[in-house]
Every structure is written in C-alpha cells, then in structure tokens.
Amino acid sequence: MSIPLTRSIACILLFLCPGLLLAQEPLDNYIEQGLKNNTVVRQKNIALQTALAALKEAKGYFLPDVSFSTSYQSGEGGRYFNFPVGDLVNPVYATLNQLTGSGNFPQLENIRSYLNPNNYYDAHVRTSVPIVNTDVYYNYRIKQQQAALPEHELAIYKRELVAGIRNAYYNYLMMLENIAIYENALALVNQNLKVNESLYRNGKGLQANIKRAESEIAGLNAQLLQAKNELDNARRYFNFLINQNLNAPVETVPGNNADPEKYAALINIKNTREELQQLDQALEINKTALKMDRSFWIPKISAFLDLGSQGIDWEYNGYSRYYFAGIQMDIKLFKGQANTHKAQQRKLDIQKLELDKENITRQLDMASQNALSNYYSSKAQLEAASANIKASESYFRVIESGYRQGANTLIEYIDARNQLTQSQLSGNIARYRVLAALTDIERQNATYKINQTNQ
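Letter by letter, the sequence shown follows residues -23 to -1, 1 to 432 in mature numbering (1 follows the signal peptide of the UniProt record, and there is no 0).
Right under this line is the structure:
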C-alpha cells in the first residue's frame, strides 16, 4: 500500500537531459516541441531574421548605386539675352548677293533667346560608387556584430524555456505522485472503516471509531480533490510553455536504471554563458563605433557616371546623347570638436560595459556555485526523506498489526497513518527538489545543447 523505496530513488534519475542529464523520453520531445513552437521563441527568431536583413542591407552599400532620372522643362519669358547675329552677318550676306548676282543669302534678324528652356528634356542613368568611405565599412562591421546579439538573446531565452519546461514537467509528476499517495492513504482509511464497522457489528467496537474513520475519509477526499486541481493547473501550465492545447494529456514514462555515478562528472561541466557572450559582443560593437568616430578626418571619395540624352522637342540623335563623369571628395575640417566629444562618450560606454561584465561574471559564478550547493543539500534531504519513509512504513505495519489485535488504539493507528502519508509527501517533494536542483545546474552552467536548427 506504500510507495516502494526503489521507485522513489528511480524518480530522482528519471528525466535527464542531454549535456547535463541522461537522455529520456518523452521529456526530450516536449523540450524540442517547446523550442520550436513557443511564441516568445518565434518572436525572438523574427528579431534575429531582422538583424540578418539589416546586415545584408549594410553590405549593399559597398556596391554601386544605379538610378534612372528624367526631367522635362518648358517655359517662356523671364531672363533673356540678345545675340546680334543679323548685325554680324547681314553685311557679309549683302556683299555676297551682289557678287553672285543672286539672293541666295537672305537677311537674318537679331536673335533674342530666353534662359528658361522650352520643351526641353533630360534623361540619364547615374551610377555612383563609394571609393573611400569609412562610415560604410564601419557601419557594415557594426551590423555584422549586432546580428549576433539577437542570436545570443534567443539562446538565453531558450535555456530559460528548457529549465521552465523541465520544472513544469517535474511539477506535474510530483502532482501525480501526490495523488497516488492520497489514494493510497484513502484506501488504508477505507479499509480501517470496514474493520471498525465489522467490530461494531460484532459488539467489539465503538461507533465513535466509525465516525472518526469517516471524518478521516472526508478529509482525505478534500486533499485528493485539491491535489487533482493542482495536477490540472500543472498540466495547463506545462502545455502553455510548449504551446499546445492547455488540456492536452501529458505523456509520462516509468523510471529507468540511470547510473547516479554519471552525475558527478556531468554536474561539473560548465560552458560560457550567452549573457557574457552578449556583453562581449556589445563591447566589440562599441569599440568598432569608437573607431568610426575617430576616423572622421579620413576623406570620403566617391565617383559617378551619367549616361543619357538631353535636347529640345524630344529629339534623340548623336548630338543629344552624352556622358558625364566625376569624382567627389569630402573632408571634415571643423565641427566644433563634436566628433572628439562623441568618441569620448563612446570610451565611457566601453568602460561601463566592462564593469557590467565584471559584475555579471561574478553574479553568474555565484549562481552556479549556489546551484551546486542546493543540489548537494537537496540530495542529502532526499536521503533523509527516504530513510524516514522506511521508518514510517515499518512503524505503520507494527501499529496496524497491533490495532487489529487490539494492542494499539485508533488514535495510534491514525497517527501512524498520518506519519506515513506525510513522510511520503515529504519524500516526493524532496525528489522534486533534487530534479529542480539538477535543472538549475544545467541552466547556470549552460550545458544544454541548444539546437540551432530550431531557430
């Protein structure tokens, strides 16, 4: 009627993960499902894709920029100039007509021409390309480094999600065990009720004992109902984390024969936390930005080439077609030392990030050591709880036998049964704490292998 000790020990070693714990089903499948379907993971994956798109955009600035431009202008009046073509050529034309005796050279009028174009068009393709531009280079480097930030952020959340899924799964299992413990206790009390009713019918028992047994049954039924409600809540929260139907059943498997000696090596594995990698990346970004701020004095050189056609009345011929090319250079000479002050601000940002990294490194190291201490503490508590279960089981068997023989009272029987139930519940909590401590070690040491294909 009680939970075997071997089953209690097996529950500790049950749901072990790659990297820190041993592989198992179906928890591994649930973790993969959660990493793939969790809404927050998908949101952070979008942020990663956005950063990669920004990197491609920055890379495009190294390539030539080709654009087509056209304009049409037409007007009359306004500014003008006189060109005395008649005054210049008419005397010559008159002399030629006299010499040739003909009128082949007509008289011309002076020309008044307006500056505003009339029925004029210009259409061309412009190709421009940066030759020397440090802003383009450093901007690309910054975007390249920034692209890694959402990747680290995604990995950080995935590790938190893995730990959350594990703990939610273990909590669900603990609720299942609690229900089994209460059902076991309820069976014992129902059996005791039958014994008391039989004794009362034979004139050897008291009706008060029957009422006390019925009261115990009512209390256990209430506790069982609460445990089932907690199980439903645990199931809904677990399904929420893996983004499936809240009321979907949760698959469980019996314990395996995992070797506890393997944990001694696994719990000491420690990888670099993504939080530190993220800070390192932020430092590199600021250092690159500092280089960009300091390179303001480097000339920016670019070239362009126009190929097109322009003319009046939409004419297109060998005279209207043209090309126009050039090289442009910009050098910043003075800007009120704004660039110098900007570089100084960047240096201060770098110093702040270095201090942040030092502080966070110490915090993470402390959390890792605390997780290991909590594991050893919870392991010791489990050993004590297992010994207490053994003692409670033995004590209950003695009292139960004595009660049947009339050597022990009902009060002693109820007390022994309560001790057994409480020791089993405490042992169940102790098992969960060991699993939670192992999960925390895995999280603090970043030992779970994040599957990048799920990104």
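Backbone N, C-alpha and C define an ideal beta-carbon position, used for all residues, glycine too. As the structure is a computational prediction, the values presented were derived from the model and not from experiment.
Give every residue of the same chain whose Cβ lies closer than 7 Å to the Cβ of N144, excluding the five residues on either side of it in the sequence, and list them in chain order. To locate residue 144, count along the sequence shown from 1; it is residue 167. Around N144: A413 and T416.
Pull up the CB-CB distance for L208 and L153, whole angstroms please, since I reckon it's below 8 Å. If you number the sequence shown from 1, residue 208 lands on position 231. If you number the sequence shown from 1, residue 153 lands on position 176. Between L153 and L208 the Cβ distance is about 7 Å, and since that is below 8 Å, they are a contact.
Same chain only: Cβ atoms within 7 Å of N248, ignoring 5 sequence neighbours per side: Here residue 248 corresponds to residue number 271 of the sequence shown, with the count starting at 1. The residues are N422, A423 and T424.
Answer with buried or exposed for H318, where buried requires no fewer than 16 other C-beta atoms within 10 angstroms of its C-beta. As a first step, residue 318 is located in the sequence shown; it is residue number 341 there, counting from the start. Result: exposed.
Only counting the same chain, and skipping five residues up and downstream in sequence, which positions put a Cβ closer than 8 Å to that of P160? On the sequence shown, residue 160 is found 183 positions in, with the first residue counted as 1. Note that residue 160 is Glu in the sequence shown here, rather than Pro. Hits under 8 Å: L201.
Under the three-state DSSP convention, the category D283 falls into: Here residue 283 corresponds to residue number 306 of the sequence shown, with the count starting at 1. Of the three classes helix, strand and coil, the one that applies to D283 here is strand, per DSSP.
Taking three-plus beta-carbon pairs below 8 Å as touching, is the region 37 to 45 in contact with the region 135 to 150? no
For a quick check, are the C-beta atoms of N263 and D326 less than 9 Å apart? As a working mapping, residue 263 is identified with position 286 in the sequence shown. As a working mapping, residue 326 is identified with position 349 in the sequence shown. Closer than 9 Å, so yes.
DSSP-derived helix/strand/coil call for Q305: To locate residue 305, count along the sequence shown from 1; it is residue 328. Judged by DSSP in its simplified three-state form, Q305 adopts strand.
Report the rounded CA-to-CA distance for S363 versus G404, giving the unit in angstroms. Locating residue 363 in the sequence shown gives position 386, where the first residue counts as 1. Locating residue 404 in the sequence shown gives position 427, where the first residue counts as 1. Between the C-alpha atoms of S363 and G404 there is a straight-line separation of about 6 Å.
What did DSSP end up calling K277 once you bin it into helix, strand or coil? Counted from its first residue, the sequence shown places residue 277 at position 300. In this structure, K277 counts as strand in the three-state DSSP scheme.
Starting from P3 and walking both ways along the beta strand (DSSP E), at which residues does that stretch end? As a working note, residue 3 is residue 26 in the sequence shown. It is not in any beta strand (DSSP E) - P3 carries neither H nor E in the DSSP assignment.
In angstroms with no decimal places, state the Cα-to-Cα distance between Y296 and L65. The residue you call residue 296 lines up with position 319 of the sequence shown. The residue you call residue 65 lines up with position 88 of the sequence shown. For Y296 and L65, the distance between alpha carbons rounds to 26 Å.
For V411, three-class secondary structure by DSSP: Taking the first residue of the sequence shown as 1, we reach residue 411 at position 434. DSSP places V411 in helix when its eight states are reduced to three.
Distance CB(I366)-CB(M151) smaller than 9 Å: Your numbering for residue 366 matches position 389 in the sequence shown. Your numbering for residue 151 matches position 174 in the sequence shown. Cβ distance not < 9 Å, so I366 and M151 don't count as in contact.
So what does DSSP say about V18, is it helix, strand or coil? For the purposes of this step, residue 18 is taken as the residue at position 41 of the sequence shown. Reduced to three states, the DSSP call for V18 is helix.
Between N81 and N87, what straight-line distance do the alpha-carbon atoms span, to the nearest angstrom? Looking up residue 81 in the sequence shown gives position 104. Looking up residue 87 in the sequence shown gives position 110. Near 19 Å, if we compare the C-alpha coordinates of N87 and N81.
Below 8 Å on the Cβ atoms is my guess for R250 versus L310; work out the distance and round it to an integer in Å. Residue numbering aside, residue 250 sits at position 273 when the sequence shown is read from its first letter. Residue numbering aside, residue 310 sits at position 333 when the sequence shown is read from its first letter. So it is not a contact: roughly 47 Å between Cβ atoms.
Measuring alpha carbon to alpha carbon, tell me which residue in E174, G285, R19 and S400 is nearest K135. Residue mapping note: residue 135 aligns to position 158 of the sequence shown, counting from 1. Per the Cα distances, R19.
Three-way DSSP call (helix, strand, coil) for I427 in this model: Residue 427 sits at position 450 when you count from the first residue of the sequence shown. Correct three-state label for I427: coil.
Going by other Cβ atoms of all chains shown within 10 Å of its Cβ, with 16 needed for buried, is I418 buried or exposed? Counted from its first residue, the sequence shown places residue 418 at position 441. So I418 ends up on the buried side.
Using 8 Å as the Cβ pair cut-off and three pairs as the minimum, do the region 286 to 303 and the region 115 to 122 touch? Taking 8 Å as the limit for Cβ pairs, the verdict is that the region 115 to 122 does not touch the region 286 to 303.
Where G52 sits in the DSSP three-state scheme: Against the sequence shown, residue 52 aligns to sequence position 75. Looking at G52 - three-state DSSP - the assignment turns out to be coil, as it is neither helix nor strand.
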